[in-house]
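Numbering (my numbering), first residue to last: 1 to 529.
The block underneath contains the structure these notes are about, expressed in structure tokens.
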Ligand SMILES: NC(=O)c1ccc[n+]([C@@H]2O[C@H](COP(=O)([O-])OP(=O)(O)OC[C@H]3O[C@@H](n4cnc5c(N)ncnc54)[C@H](OP(=O)(O)O)[C@@H]3O)[C@@H](O)[C@H]2O)c1
């Protein structure tokens, strides 16, 4: 796992292996907005091997030079390149860049691609002829491209994890969504695993690349004080929130097929749940970490028609405003049916039936067009016995709380009670208590923003570390949990409407109120930060 700390800070990350990165869907939204900025920053930090080569595959009319220019334009319009593009770094990224034009459904394209790879590799030693394929294309094309690559020998299969590490290696990065239900995910896995071995497959969930998510494991297992409390004995409940202010951003067609349960719960929220609740792995190896995550997902209580009604609240955003700007309802978005029943918000109560967590509710929520863009894990501890304090004080005493802020304003805050200063109420039951907090902030303590997820994930794929990628059984286990929920949403009535710019439908609050709890406020202001 490449040590992801802010650029220029102490820890040095490992340089990627010599390789040719074949970016399929080279001029799509993801490539422009996320992948080129990430590759560029790796070039800035000197983490691309001197033999790194980029091949773009697309159907738009370009040649090598105009493709390089298009990359430059993408970088110029990107927000996170850290300032004007450095020509030396740009040269490192685009040195010997090649463009392969064609339609991905056209078999002849793969012959051209193969020839291009051979010409690039003709000048490098055999064990440096490594190939990393990134499928930044609509999921409907994943299989077609995989068939094309393996049919022309562009992507040979390796048989063991060791072989997959040694050069020349071939690896495949596959974007989310991985399937749209358990059956299609299994079919995709089967098709992939007939052509590649598992160690060659890198299924992306960019949340796993976030430093703040990786830090959950470090926070839990590198500090002795938290693990002893990390269980049903001390924790009353856990909230996992992934809130977006954006709407479907022109991806109505895709979103009508997916909805929030497939788009966010099956991957990001299940990964956050597994990372937060898993047992300590034997080692920090990819296999050990992923074994524990799968074990945790297998302990998640499954949903049936009755428990779905009791534990799932769905919503769909209506008109409203975001940061003072009026926004349309989901049903009025392009490529969305006016009577769409697609949920853009979901809140879910989950139980993990194992020794550590029995009886502790996990509340998961995610939605679009909400009041704030925030991803956070809030751990609410059980109340301290109130016997020492008069009733008035007891009722206002807040339980201790740990907030792991994944984004923005990354950091960790511990909330606890303290004596409000004032000698007159010295050590006596009458002393006044006040909620205070201790805070770790990446910005303040590491002197900069955490490394963006795609940078870490691309580098890890180049060095052959799959710890931060989802394994086939993880993906399938997550679908096993989400499938009945998504099917119920598909078959159910139109979700409850909520105004854009709010915290979601009232039924989401009811889910916690029934258990005597309430959601941690979405907005920084409301959360007192
Ligand atoms: N965008 C994101 O922020 C984001 C985030 C997470 C995951 N993802 C995933 O990443 C993948 C790519 O998403 P995206 O948003 O980048 O999609 P996109 O903007 O549609 O990009 C896909 C690219 O593939 C090209 N393409 C499509 N069909 C082709 C064909 N038959 N032959 C040749 N080229 C073809 C498209 O060219 P045309 O323009 O000519 O169609 C387009 O440039 C998807 O699986 C998506 O779920 C995206």
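Glycine included, C-beta positions come from ideal geometry on N, C-alpha and C.
Sequence-distant residues of its chain with Cβ nearer than 7 Å to residue i (five each side left out)
i, result
"residue 38", "452, 454, 455, 458"
"residue 228", "none"
"residue 142", "135, 174, 188"
"residue 139", "177"
"residue 371", "501, 502, 503, 522, 523"
"residue 80", "37, 452"
"residue 333", "247, 248, 252"
Exposure of residue i, with buried meaning 16 or more beta-carbon neighbours within 10 Å
i, result
"residue 477", "buried"
"residue 281", "buried"
"residue 50", "exposed"
"residue 211", "buried"
"residue 355", "exposed"
"residue 237", "buried"
"residue 554", "Because residue 554 is not part of the residues shown, which for the chain are 1 to 529, the question remains open."
"residue 385", "exposed"
"residue 121", "buried"
"residue 514", "exposed"
"residue 340", "buried"
"residue 369", "buried"
"residue 365", "buried"
CB contact flag (residue i, residue j, <7 Å)
i, j, result
"residue 522", "residue 318", "no"
"residue 342", "residue 256", "yes"
"residue 381", "residue 234", "yes"
"residue 105", "residue 144", "yes"
"residue 251", "residue 180", "no"
"residue 124", "residue 57", "no"
"residue 301", "residue 353", "yes"
"residue 259", "residue 489", "yes"
"residue 278", "residue 242", "no"
"residue 24", "residue 137", "yes"
"residue 536", "residue 16", "This structure cannot speak to residue 536, because the chain is shown only from 1 to 529."
"residue 461", "residue 436", "no"
"residue 217", "residue 271", "no"
"residue 530", "residue 361", "Look at the range of the chain in this structure, 1 to 529, and you will see that residue 530 is not part of it."
Beta-carbon proximity list for residue i, same chain, < 6 Å, skipping 5 on both sides
i, result
"residue 96", "53"
"residue 338", "331"
"residue 438", "414"
"residue 85", "75"
"residue 110", "148, 152"
"residue 296", "274, 277, 278"
Inter-residue spacing [alpha-carbon to alpha-carbon] between residue i and residue j
i, j, result
"residue 519", "residue 471", "32 Å"
"residue 151", "residue 177", "24 Å"
"residue 147", "residue 412", "45 Å"
"residue 102", "residue 59", "5 Å"
"residue 167", "residue 14", "17 Å"
"residue 531", "residue 190", "Here the chain comprises residues numbered 1 to 529, so residue 531 is not present and cannot be evaluated."
"residue 69", "residue 27", "12 Å"
"residue 253", "residue 126", "44 Å"
"residue 474", "residue 149", "25 Å"
"residue 158", "residue 447", "42 Å"
"residue 117", "residue 163", "20 Å"
"residue 347", "residue 367", "9 Å"
"residue 321", "residue 287", "45 Å"
"residue 67", "residue 98", "8 Å"
"residue 225", "residue 219", "10 Å"
"residue 30", "residue 266", "20 Å"
"residue 214", "residue 88", "31 Å"
Same chain only: Cβ atoms within 8 Å of residue i, ignoring 5 sequence neighbours per side
i, result
"residue 182", "476, 479, 480, 483"
"residue 61", "101"
| message | Using a Cβ distance threshold of 8 Å, determine whether the segment 195 to 210 contacts the segment 494 to 510, with at least three qualifying pairs required. | response | Result no; under three Cβ-Cβ pairs closer than 8 Å.
| Touch test, the segment 308 to 315 against the segment 292 to 299, Cβ-Cβ under 8 Å, three pairs minimum | no
| For the 8 Å Cβ check, are there 3 or more pairs between the segment 399 to 408 and the segment 365 to 380? | yes
| Stretch-stretch touch, CB-based, cutoff 8 Å, three pairs: the segment 23 to 42 with the segment 66 to 85 | yes
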